[in-house]
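So the number in this note's numbering is just where the residue sits in the sequence shown, counting from 1, plus 3. Glycine is no exception: its CB is placed at the ideal position from the N, C-alpha and C atoms. Quick caveat, the model's predicted, so the values are computed rather than measured. Here is the structure we will look at, set down as structure tokens.
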Amino acid sequence: MSLQLVFLGTGSGKPMPNRNVSSMALFREGKLFLFDCGEATQIQLTRSDLRPGALEAIFLTHFHGDHVNGLPGLIGSLTLNQRSAPLHIVGPRGLKRWFKCLHDLHILRPGFPVRLHEVTQAGGVLEEHDFHFVAHPLEHRVDVWGYALVEDERPGRFDVERARQLDIPSGPLYGQLQRGEPVVLDDGRTVEPSQVLGPARPGLKIAYCTDTIPCNSALELARDADVLVHESTYPAGDEEKAHQRGHSTAGDAARCAHKAGAKRLILTHISQKYLHLDEFLTGAREIFANTDIARDFSTFEIKRQDS
4 MSLQLVFLGT
14 GSGKPMPNRN
24 VSSMALFREG
34 KLFLFDCGEA
44 TQIQLTRSDL
54 RPGALEAIFL
64 THFHGDHVNG
74 LPGLIGSLTL
84 NQRSAPLHIV
94 GPRGLKRWFK
104 CLHDLHILRP
114 GFPVRLHEVT
124 QAGGVLEEHD
134 FHFVAHPLEH
144 RVDVWGYALV
154 EDERPGRFDV
164 ERARQLDIPS
174 GPLYGQLQRG
184 EPVVLDDGRT
194 VEPSQVLGPA
204 RPGLKIAYCT
214 DTIPCNSALE
224 LARDADVLVH
234 ESTYPAGDEE
244 KAHQRGHSTA
254 GDAARCAHKA
264 GAKRLILTHI
274 SQKYLHLDEF
284 LTGAREIFAN
294 TDIARDFSTF
304 EIKRQDS
């Protein structure tokens, strides 16, 4: 079992031929989630192997155009494709007002239910069957939120040999125990899941932080993350300029990953003035070795521990 991150846009400010603006897709077991929806995101989707019909929710960090200008077009195309399933959209305060304005001006008339969720405080924002999403406020020039997908713990590995020693017949009872349910055998004995299951296995945590200067909330969001996706508008060494403009450097992102105990860092949201990215990676890896940089259509497969 694994999860995929597909970067549909990795630049900041404006779309360029080599680098579109912000959008990251997270694909998990048939369900698709988008983080930000910059201009031309729907075009990037058609160029990828992802199916827009699998889209479950879109998480908007803030209302700067390079993060949201692609949303009306994407929703319009989903309507033209005769989507009927509901779509969740999560974003900062003002999301409902913005959506109403687009609707009243006939810019946005979705042909399917749209569930709007305005984020006003840190905590859970969307629940799924065996995972959920949380939000934390970041620090930028406007109201901005970072998000994380957090999977539930999974039951430990099933010990078939131990089950045989306990004379548990194979079949449906094995399945019950693997789901964490006790079973009663024909001889009246009750077998608890703990007798045949190993230690619980942690789920994945994927954190997404952009746009922001270094802050405690980013650290909290990234705490123990399997993957931290963090903005890196400027290379390490340009902290003064970055912070004045409400952004982070590759060095800031690496320090966040290191302090938060993240296992892996992926840099994104690169200023369009930089064509060559070697200095971003070099500066970050001096602080946090397990760093990658995302380019448009980069795909990262994230495997669960002890899968």
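Proximity to arginine 157 across Pro205, Val128, His279, Gly178 peaks at Pro205, based on C-alpha coordinates. In the same chain as glutamate 242, and ignoring 5 residues on each side of it, the C-beta atoms closer than 8 Å to its own belong to Thr252, Gly254, Asp255, in chain order. Residue burial annotation: isoleucine 110 is exposed, with fewer than 16 other C-beta atoms found within 10 angstroms of its C-beta.
Counting every other CB atom within 10 Å of its CB across the protein chains shown gives serine 26 a total of 16 or more, marking it as buried. Distance from the CA of glycine 249 to the CA of phenylalanine 66, rounded to the nearest whole angstrom, comes to 14 Å. Straight-line spacing of the CA atoms in alanine 60 and isoleucine 273 works out to 25 Å. Within the DSSP secondary-structure output, cysteine 218 pairs in no beta bridge. When secondary structure is reduced to three states using DSSP, proline 175 falls in the helix class. Cβ-Cβ separation between aspartate 39 and threonine 64: approximately 6 Å, consistent with a contact (criterion under 8 Å).
Per DSSP, the unbroken beta strand (DSSP E) holding threonine 302 starts and ends at 302-306.
Our two residues, leucine 81 and asparagine 293, have alpha carbons roughly 37 Å apart in a direct line. Contact between the segment 199-217 and the segment 113-126 is absent, with fewer than three C-beta pairs closer than 8 Å. If you ignore the 5 residues before and after serine 87, its C-beta comes within less than 6 Å of the C-beta of Phe115, all in its own chain and listed in chain order.
Rounded to whole angstroms, the gap between the alpha carbons of arginine 160 and proline 172 is 18 Å. One thing to note: leucine 231 has its Cβ within 9 Å of the Cβ of alanine 260.
When the five nearest sequence neighbours on each side are left out, the beta carbons in the same chain lying within less than 6 Å of the beta carbon of alanine 225 are those of Ala210, Leu231, Cys259, Ala263, Ala265, in order along the chain. Looking at the DSSP output, histidine 91 sits in a beta bridge with Ala60, Arg118. A direct Cα-to-Cα measurement between glutamine 45 and leucine 90 gives close to 15 Å. Boundaries of the beta strand (DSSP E) around phenylalanine 134: 134-140. Relative to the Cα of valine 194, the nearest Cα in the group Asp170, Thr215, Leu207, Ile216 belongs to Asp170. Lysine 34 carries a strand assignment under DSSP once its states are collapsed to helix, strand and coil. In terms of CA proximity to alanine 28, Phe10 leads the group Lys34, Phe10, Gly41. In terms of Cβ geometry, phenylalanine 62 and phenylalanine 136 form a close pair [threshold 9 Å]. Residue range 208-212 is occupied by the beta strand (DSSP E) that includes cysteine 212, with no alpha helix (DSSP H) assigned at that position. The Cβ atoms of leucine 268 and histidine 233 sit closer than 9 Å to each other. Remark: C-beta atoms of asparagine 72 and glycine 41 approach each other more closely than 9 Å. A direct Cα-to-Cα measurement between alanine 151 and phenylalanine 36 gives close to 12 Å. Note on geometry: alpha-carbon atoms of tyrosine 237 and alanine 57 lie some 34 Å from one another.
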